[in-house]
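Following numbering that gives the first Met the number 0, the numbering of the sequence shown begins with 0 at its first residue and continues without gaps.
Glycine included, every Cβ here is placed at the ideal spot set by N, Cα and C.
All of these numbers come straight from a predicted model, not from anything done at the bench.
Okay, so here's the structure we're looking at.
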Amino acid sequence: MNENQPQNYDSTDLDRMHAAVKRENPDGKAGNQPAPVWVFVASMVAMVFGGGYAGAYVGGFDFEQNSAFMGKAQDLRPIDPRPKVVLGPFEFAMSKGSTVYNTCVGCHQGTGLGQPGVIPPLAGSEWVTGGTERIVRIVIHGLSGSVAVKGSNYNGLMPPQGALSDKDLSYVITYVRNSWGNEGSMVTPEMIAKTREQIKDHIGPWTSADLDKFAKENMPGEVPGGPGAVVKPAEAAPVVPAPATATK
Ligand code: HEC
0 MNENQPQNYD STDLDRMHAA VKRENPDGKA GNQPAPVWVF VASMVAMVFG GGYAGAYVGG
60 FDFEQNSAFM GKAQDLRPID PRPKVVLGPF EFAMSKGSTV YNTCVGCHQG TGLGQPGVIP
120 PLAGSEWVTG GTERIVRIVI HGLSGSVAVK GSNYNGLMPP QGALSDKDLS YVITYVRNSW
180 GNEGSMVTPE MIAKTREQIK DHIGPWTSAD LDKFAKENMP GEVPGGPGAV VKPAEAAPVV
240 PAPATATK
């Protein structure tokens, strides 16, 4: 060993020296030992059982009464003084229809008057207030070729609007049949669905000649239009509880 060098004990020696000490657990002190695991388990079981027993048999616990939050102001916003308006089926269709009409407004205009010589009017049009079958067909598949509306001739092309849902089509058709002085019966989603089914094999827009025979035809399921019209809206159909299915 070189006395001039610092005495460097390598860590392996130190570990070996202390290994025996490290192996020993510290001496226990009386009263300081951790409780055995079974004590924790047993008190858990006692608490769960006790809580369940008290809840089931002791009674008298009322969440409303015992809630720390009861009796305190919860929502300080003033109550909305406006009366809640429940729209009847007709008003509901008209209100929805006025929005869906955005699809048509670019051509037929907000006034329903169309564009002279180019786009026929919906206001006062016998095509609109006439039979429901014809207008439903037009809106689903479109219309082309020469048509006479309110005594004027048009020869344009209306693109099909059948991509709208049954509901939206029923709303917008009810809307145009009852706006700008028009008066017509309501058109329901069921009538739209039925027409779609009938004409599912038809391709391309109709012509005036195709539809003349439907001028006065009404789809079955006619409901009177106008305020107070009574129709059971699809939304209000009774909710039938789903049959209980076995869960695995
Ligand atoms: C791109 C323009 C355009 C759009 C959008 C359009 N139409 Fe038309 N519509 C026409 C044209 C053009 C005609 C006439 C077709 C012809 O001359 O053969 C027509 C004809 C009609 C007719 C029969 C004639 C009449 O004026 O009464 C009805 C009913 C009608 N449209 C309803 C609608 C409804 C409802 C919508 C919206 C869901 C709509 N149209 C969207 C252009 C349009």
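Inter-residue CB distance, residue i and residue j (contact presumed, cutoff 8 Å)
i: V117; j: S207; result: Actually they do not touch by this definition, with Cβ atoms about 16 Å apart.
i: A122; j: N181; result: 7 Å
i: D209; j: P188; result: The pair is not a contact, with the Cβ atoms about 24 Å apart (cut-off 8 Å).
i: M185; j: V138; result: Actually they are not in contact, since the Cβ atoms of M185 and V138 sit about 15 Å apart, beyond 8 Å.
i: W179; j: G113; result: About 11 Å; that fails the 8 Å criterion.
i: T194; j: R136; result: 6 Å
C-beta atoms of residue i and residue j nearer than 8 Å
i: H107; j: I198; result: no
i: P119; j: L156; result: no
i: V127; j: V175; result: yes
i: V148; j: Y100; result: no
i: T102; j: L163; result: yes
i: I202; j: S169; result: no
i: N154; j: G144; result: yes
Residues bridged to residue i (per DSSP)
i: L156; result: S143
i: W126; result: None, per the DSSP bridge assignment.
i: S151; result: V148
i: W205; result: L142
i: I118; result: Q114
i: M16; result: M16 is not bridged to any residue.
i: M185; result: V222
Minimum Cβ-Cβ distance from residue i to chain B less than 8 Å
i: S164; result: Checking the listed chains, one finds no chain B in this structure; it contains a single protein chain.
* Asked: Taking contact to mean at least 3 C-beta pairs separated by less than 8 Å, is the segment 214-221 in contact with the segment 119-136?
  -> Yes, they touch.
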